[in-house]
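Each step along the sequence shown adds one to the number in UniProt numbering, with nothing skipped, and position 74 is 74.
All remarks here apply to the structure that follows.
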Amino acid sequence: MILVPSLFTATTFLAVYRFIINFTDLPYSNELRNPYTKQYIRISRQISNAFKNILASLPGQHNISIIGYRYQQVLGTLVTIEVTSRKAEPKLRKIIEKAIRTGYIGGYAVGFDGFEYYTLKGH
């Protein structure tokens, strides 16, 4: 039996949010340029799991993707993180900003220098 998604499922709203966060004590290396290296995979998994914990208070399912790592000479390592959801999450930015204010995400020191937030799709 083949299951075909309903029209409602196929047209379900998808909200996409992108954050750039400064991980102040994450040393940048060439390994972080290649998404297939052990270091890239390990660190991405740690950050993704930390985001899942941070977002646990929001209802629904959220997918977290690490888009990439970038070295900025003055700031350090900037991590681009994408969060997708089936619905708009107006509290998402405040929750992430609150986590940054604590100074740590997933055991890594973070700061607001270089912080960026974008809503790519959604409200």
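Ideal placement from N, C-alpha and C gives every residue a C-beta, glycine not left out.
query	result
Expected contact under 8 Å - CB spacing of I20 and G114 to nearest Å	6 Å
Rounded separation between I95 and R33 - CA only	28 Å
Which listed residue (V79, Q61, L78, I67) has its alpha carbon closest to that of A15	Q61
Reference T119; option with closest CA among E31, P35, A88	A88
Reduced DSSP secondary structure (H/G/I, E/B, other) of Y40	helix
Inter-residue Cα distance where the pair is T11 and R86	Residue placement at T11 is poorly supported in this model, since its pLDDT is 46, which falls under 50; the coordinates still yield a value, given next. For T11 and R86, the distance between alpha carbons rounds to 10 Å.
Spatial neighbours of L55 in its chain, beta-carbon cut-off 6 Å, leaving aside the 5 residues before and after	H62
Residues near E116 by beta carbon distance below 6 Å, same chain, minus five either side	I20
6 Å CB neighbourhood of T24 in its chain, flanking five on each side removed	G76, A109, G111
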